[in-house]
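>
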Amino acid sequence: MMSGGLINIVDLKTHFRDRRTGAEVKACDGVTVSIGEGEIVGLVGESGCGKSTLGRTIVGLERPTSGKIIFRGEDLLSLRGRRLAESRRQIQYIFQDPYSSLSTRQTIGQAIDEALVINGEKNAKARRKRTEELLAAVGLPTQIMDRYSREMSGGQRQRVCIARALAANPKVLICDEPVSSLDVSIRAQIMNLFLQLRDEMGMACLLIAHDLAVVRQAAQRVYVMYLGRLMEIGESGALYGTPSHPYTQALLSAIPDTDPRQERARQRVLLNGDVPSPVNPPTGCRFRTRCPTAQAICETSPPAKVMGPDHIAACHFAGEVNLAPTQH
Amino acid sequence: MKAIKDLYKAVGLPICLLIGFFIFIAVFGKYLSPYDPNAQNLLKASQTFGAEHWFGTDNLGRDTLSRLIAGARTTLFGVTLVLLMAGTVGMLIGTISGYFGGWIDEILMRIIDFGLSVPSLVVALAIVGVFGPDFWNMIIALAIAWVPIYARLTRGVVAAAVNQPYIESLRVLGASRTRIIVKHLTPAALGSVLIYASADAGVLALNIANLSFLGLGVQPPQAEWGQMLVAALPYLEEAPRLVILPGLSLTVMVIGFNLLGEAIALAKNPRPMSKRRLFQRRREFLKEIAA
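Top line first, the protein sequences correspond to chains C and H.
The first sequence lines up with residues 1 to 328 when you count with the working numbering.
The second sequence lines up with residues 1001 to 1291 when you count with the working numbering.
1. Cβ of Q158/C less than 8 Å from any chain H Cβ?
2. Measuring only between beta-carbons, confirm whether R216/C sits less than 8 Å from chain H.
3. Return the CA-CA distance between S34/C and G48/C, expressed in angstroms with no decimal places.
4. Within 8 Å (strictly less), CB to CB, does S52/C reach chain H?
5. Looking only at its chain, what residues have a beta carbon closer than 7 Å to the beta carbon of L1018/H, apart from the 5 residues adjacent to it on each side?
6. How big is the Cα-Cα spacing for F317/C and I58/C?
7. Check whether the stretch 97-109 of chain C touches the stretch 1161-1171 of chain H, taking contact to mean three or more Cβ pairs, one atom from each stretch, closer than 8 Å.
8. Going by C-alpha to C-alpha distance, which of N8/C, L252/C, S301/C, V269/C sits closest to A281/C?
9. Within the same chain, show all residues whose beta-carbon is closer than 8 Å to that of T1095/H, passing over the 5 residues directly before and after it, in chain order.
10. Can you tell me which of the three DSSP states P1270/H falls into?
11. Determine the burial state of G202/C: buried for a count of at least 16 other Cβ atoms within 10 Å of its Cβ, exposed for fewer.
12. Could you tell me which chain H residues have their CB closer than 9 Å to the CB of F95/C, listed as they occur along the chain?
13. Given a threshold of 16 other Cβ atoms within 10 Å of its Cβ, counted over all protein chains shown, does W1146/H qualify as buried or as exposed?
14. Which residues, in order along the stretch 48-82 of chain C, keep a beta-carbon less than 9 Å from a beta-carbon of chain H?
15. If you drop the 5 nearest sequence neighbours on each side, which residues of the same chain put their C-beta closer than 6 Å to that of P1148/H?
16. Whole-angstrom Cβ separation of E121/C and R127/C, contact assumed at under 8 Å?
17. Taking only beta-carbon positions, decide if V1172/H is within less than 8 Å of chain C.
18. Kindly indicate which residue of Q1222/H, R1282/H, G1020/H, M1085/H has the alpha-carbon position closest to the one of V1193/H.
19. Let's see if you can read the secondary structure: which residues bound the beta strand (DSSP E) around F287/C?
20. Judging by CA-CA distance, which residue of A1151/H, Y1150/H, L1125/H is the nearest neighbour of I1139/H?
21. With 8 Å as the threshold, decide whether the Cβ of R229/C is near any Cβ in chain H.
22. Determine the chain C residues that contact A1010/H at a beta-carbon separation under 9 Å, and present them in chain order.
23. Could you name the residues of chain H that Q90/C contacts, counting a contact when the two beta carbons are closer than 7 Å?
24. Please confirm whether P1270/H has its beta-carbon closer than 8 Å to some beta-carbon of chain C.
25. Closer than 8 Å is the cut-off here; do at least three beta carbon pairs connect the stretch 182-189 of chain C with the stretch 147-156 of chain C?
26. Cβ of A85/C less than 8 Å from any chain H Cβ?
27. Of all the residues that make up the stretch 129-158 of chain C, which are near chain H by a beta-carbon distance shorter than 8 Å?
28. Can you name the residues of chain H whose CB is closer than 9 Å to the CB of L102/C?
29. Using 8 Å as the threshold, is the stretch 76-94 of chain C in touch with the stretch 228-245 of chain C, meaning 3 or more CB pairs across them?
30. Of all Cβ atoms in chain C, is any one closer than 8 Å to the Cβ of A1003/H?
31. In the DSSP assignment, find the alpha helix (DSSP H) that holds Q1227/H and state where it starts and stops.
32. Hey, could you find the ends of the beta strand (DSSP E) D97/C is sitting in?
33. Should G1261/H go down as buried or exposed, given a rule of 16 or more other Cβ atoms within 10 Å for buried?
34. Could you please tell me which residues of the stretch 1174-1187 of chain H, in chain order, have their CB closer than 9 Å to any CB of chain C?
35. In this structure, how does DSSP classify K122/C when only helix, strand and coil are distinguished?
36. Pick helix, strand or coil for Q92/C, following the three-state DSSP scheme.
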């Protein structure tokens, strides 16, 4: 695994206390992720696996229980005051829902302008010029500045949100399902925008998604998460080509193929039951209660098996099982 | 400017004229009233409608029209003061409660719940009872009694907005707490508060009249509609106009404010109120007036 990355999240745990029952919800339970400079990294898992919690913790919207968030060599969790704000500013967040991410009382110009004010730009003329640049960078015409968000489409709003995040001159964008509330026809455009930002500005991205197919196009490396833990990490080609964890195999088998012959041959791996409660997760391997290949040994913690360069699977049988042999 | 224009369009000319009329006579009443509202002239006491005194005079020979005009001023001044005080304090408490949440919210809201569970008029009565009947005591009493509703209203709006992605994205951008509260949360709540206040003004006018009628608010000789009503009661049979005129003025003002509030709420609400709901509201409101 990469260790010299731009941002290294080490064994991060974010637990919540359920207000009614007082139980501890282990939303994110010991996750280690690293993102290199100008690298797009995917984070995939189904709803409730803690991927959003991880993203929100990185930008400071949730308080972590333990762990480290090392950004440019400094642990954000030990920084305070101005230096923390300075570092935090360089990690920006894109929300899933571009509709509620923009104030209904501000025009697009005002929203971006405010982001620039917060970022310390005092000169109004300079701010206006920068706003125009930012809008151009995300592919929006400058006339849009005087419009309200309600007058725009979902794709346009998401572009505005990205432009506003760029106002802080970030090094990393944490994107929480940035395209899942958009029309399919718009998705590719937004994904291409992330690629373009990486190529032109060297922007690093953490792309959070519940669908491996969305991430495939853009991410160089992919993390697969389940119930607060990482299941498999891999460079895109390796992870999609030779998925080693049964969970990744199940996820991949759910993607339809565009080739009809391949599609007919596609074997779906059906998982039984629901995701167990993160209040009381299974011992050992978190996935064992739904895993078709689970054995007695799975009650002990699975080893991190190295499957190849930059390819690790947390499974006792990694590389030995293949649930859907004909896939991808 | 556009907001004002939109508002005018939503409210409509009749209601604007009605409310504008009351505000106009409250502000310029001094120059409009034909006589000094407090000047007594026993030689011309208890006159009926006539050329010299259009609306006649009361038992002390004071010009009724001048007193009605002065009463509008007293009422609107009082309503404005109470709304400003209750609105400011209520919004402050509500914003703190909604923004910080947790135990601060719990404690503040339990106090507010207590305030809401006691009828406002009873709270006002108790405060006036302790500090004595006086115009300013009444204003402060009403303001205190009216704080909980505005605190509750603000808290609801702020608590709903504070976890919205647009507020969270400001936090990620590094916006200060002051900026988020002053520039985003307060304006969000202000809309709802103003809508509520425009309808509430009528209820407050009624309460000021109520307290003054009971002798707990505006003291004679200062002209106030409720106070005029009670002064005219002994002469109900000989001079019913002395009771009817202030009563009518009060009714028209209260109805005016209610229609205003209703119209604004209707315009701001994306889901229009159904006819049935509207009639229900009007019925509740009429009951309140009758009480």
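By construction, the Cβ of each residue, glycine as well, lies at the ideal position given by its N, Cα and C atoms.
Nothing here was measured: the structure is a model prediction, and the numbers come from that model.
By the coordinates alone:
1. Closer than 8 Å to the CB of Q158/C there is not a single CB belonging to chain H.
2. Cβ-Cβ to chain H under 8 Å: no for R216/C.
3. Rounded to whole angstroms, S34/C to G48/C spans 21 Å at the Cα level.
4. By this cut-off, S52/C is not an interface position.
5. Setting aside the 5 residues that flank it on each side, L1018/H is surrounded in the same chain by G1256, each with a C-beta closer than 7 Å to its C-beta; the list follows chain order.
6. Rounded to the nearest angstrom, the two C-alpha atoms are 32 Å apart.
7. By the Cβ criterion, the stretch 97-109 of chain C is in contact with the stretch 1161-1171 of chain H, since at least three pairs of Cβ atoms, one from each stretch, lie closer than 8 Å.
8. The identity of residue 281/C in the sequence shown is Pro, whereas the question assumes Ala. For the residues N8/C, L252/C, S301/C, V269/C, the minimum Cα distance to P281/C belongs to S301/C.
9. The beta carbon of T1095/H lies closer than 8 Å to those of T1154, R1155, V1158, I1181, L1185, T1186, A1189 in the same chain, with the five residues before and after it left out.
10. Residue placement at P1270/H is poorly supported in this model, since its pLDDT is 49, which falls under 50; the coordinates are not used for a value here.
11. Taking every protein chain shown into account, the CB of G202/C has fewer than 16 other CB atoms within 10 angstroms, so this residue is exposed.
12. Here the neighbours are P1165, Y1166, E1168, S1169.
13. Flag for W1146/H reads buried.
14. For the stretch 48-82 of chain C, the set of residues with a beta-carbon nearer than 9 Å to any beta-carbon of chain H comprises R56, V59, G60, L61, in chain order.
15. A distance below 6 Å between beta-carbons, with the five flanking residues on each side excluded, links P1148/H to the following residues of its chain, in chain order: I1112, G1115, L1116.
16. E121/C to R127/C, Cβ: 5 Å. Contact.
17. Yes, its Cβ sits closer than 8 Å to a Cβ of chain C.
18. Of Q1222/H, R1282/H, G1020/H, M1085/H, the residue nearest in Cα terms is M1085/H.
19. Where F287/C is concerned, there is no enclosing beta strand (DSSP E), given that its DSSP letter is neither H nor E.
20. It is L1125/H whose Cα lies nearest to the Cα of I1139/H.
21. It does not: the Cβ of R229/C has no partner Cβ on chain H nearer than 8 Å.
22. What A1010/H touches in chain C: nothing, since even the nearest Cβ is about 17 Å away.
23. Correct list: empty, because the minimum Cβ distance to chain H is about 10 Å.
24. For P1270/H, the predicted structure reports a pLDDT of 49, less than 50, and the residue's modelled location is therefore unreliable. A value from the coordinates is still provided. Chain C contact via Cβ: absent.
25. Contact between the stretch 182-189 of chain C and the stretch 147-156 of chain C is present, with at least three C-beta pairs closer than 8 Å.
26. True, the Cβ-Cβ gap to chain H drops below 8 Å.
27. Listed by position along the chain: nothing, the set is empty.
28. P1165, Y1166, S1169, listed in chain order.
29. No: the two stretches stay apart, fewer than three of their Cβ pairs being nearer than 8 Å.
30. For A1003/H, no CB of chain C lies under 8 Å from its own CB, so it is not counted at the interface with that chain.
31. For Q1227/H, the enclosing alpha helix (DSSP H) has its first and last residue at 1225-1232.
32. Neither: D97/C is in no beta strand (DSSP E) and is coded neither H nor E.
33. Buried, because 16 or more other Cβ atoms sit within 10 Å of the Cβ of G1261/H.
34. Under the 9 Å Cβ criterion, the stretch 1174-1187 of chain H contributes G1174, A1175, S1176, R1179, K1183, H1184, P1187.
35. K122/C falls in the coil class under three-state DSSP.
36. DSSP, reduced to helix, strand and coil, places Q92/C within a strand of the structure shown.
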